[in-house]
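Here the sequence shown is numbered in my numbering, starting from 1 and rising by one per residue. Note that the Cβ used here is the ideal one computed from N, Cα and C, for glycine as well. Have a look at the structure below before the remarks.
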Amino acid sequence: MTELTNSRKIDTRKLDTIIAECGGDKSHLIAILQKVQEEYKYLPEDALIYIGTKIEGLSPATVYGVATFYAQFSLDPKGKYEIKVCDGTACHVRGSMPVLNAIKGHLKLEEGKMTTPDGLFSLETVSCLGACGLAPVCVINGKVYPQMTTDAVKMILDTLLKEERG
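Put into structure tokens, the structure is as follows:
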């Protein structure tokens with residue numbers, strides 16, 4: 001295992017397995033990065049470097065460039081619960097910003113921070129979730145919550161917190 005700069009470890013054997021499963025070719029880089037992110041919930045810097053040195057025809061700089069170009073990838077650790085708040089036109093007009101602010105306040109997220117210190121929740125604003133008729137919409141770990149209100153989102157968060165605490 002290799003020590004990461006943010007104290008997490010990467011398992012190079014696991015990375016080798018992911019690379020092999022995806023074909024091990026530079027043309028499969030996006031699929032490799034998707035699987036690595038699935039494994040770690042983000043793309044650790046050391047994993048990017050490893051992939052860039054392991055796959056012929058790539059460099060760590062190229063891998064980093066791809067990882068930072070696509071919005072689907074995150075270089076920061078994500079929480080156990082990934083919350084996406086839509087701020088597309090329909091959601092914005094129907095009150096997505098108060099919902100977003102309610103989440104930030106309820107989780108006590110510091111300005112500029114998108115993941116809670118305990119690693120339970122990550123918050124992200126997205127341009128469109130394709131559910132305009134259900135606006136405003138939140139998605140938590142893939143589950144769609146339609147016609148979200150500030151009170152409703154607080155209840156959902158409280159339920160998740162209660163489940164975590166047993």
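Cross-strand partners of residue i (DSSP beta bridge)
i	result
threonine 125	Val85
Close-in-space but distant-in-sequence residues of the same chain around residue i (CB under 8 Å, 5 per side omitted)
i	result
tyrosine 81	Leu120, Phe121, Ser122, Ile140, Asn141, Leu160
Coil, strand or helix - residue i by DSSP
i	result
isoleucine 140	strand
threonine 149	coil
threonine 116	coil
glycine 24	coil
Pick from the options that is closest to residue i, judged by C-alpha positions
i	options	result
tyrosine 42	Ser96, Leu134, Leu58, Phe73	Phe73
glycine 57	Cys22, Ser27, Leu109	Ser27
isoleucine 10	Ser96, Tyr40, Leu107	Tyr40
glycine 79	Cys138, Lys104, Thr115	Thr115
valine 126	Pro117, Pro136, Asp118	Pro136
methionine 148	Ala31, Cys91, Gln34, Asp25	Cys91
arginine 13	Ala71, Asp25, Gly65, Val36	Val36
Residues near residue i by beta carbon distance below 7 Å, same chain, minus five either side
i	result
proline 60	Leu48, Ile49, Gly52, Thr53
cysteine 22	His28, Ala31, Ile32, Lys35
Within-9 Å CB hit, residue i to chain D
i	result
leucine 129	No chain D is part of this structure, which consists of one protein chain only.
beta-carbon residue i near the ligand SAH non-hydrogen atom, thresh 8 Å
i	result
threonine 53	Questions concerning the ligand SAH fall outside what the structure shown contains, since it holds no ligand whatsoever.
Own chain residues within Cβ distance below 6 Å of residue i, not counting five before or after
i	result
aspartate 87	Ser96, Thr125
Could you tell me which uninterrupted alpha helix (DSSP H) segments, each at least 4 residues in length, are contained entirely in the region 35 to 114, listed from first to last along the chain? The qualifying runs are 45 to 54, 60 to 69, 89 to 93, 96 to 107.
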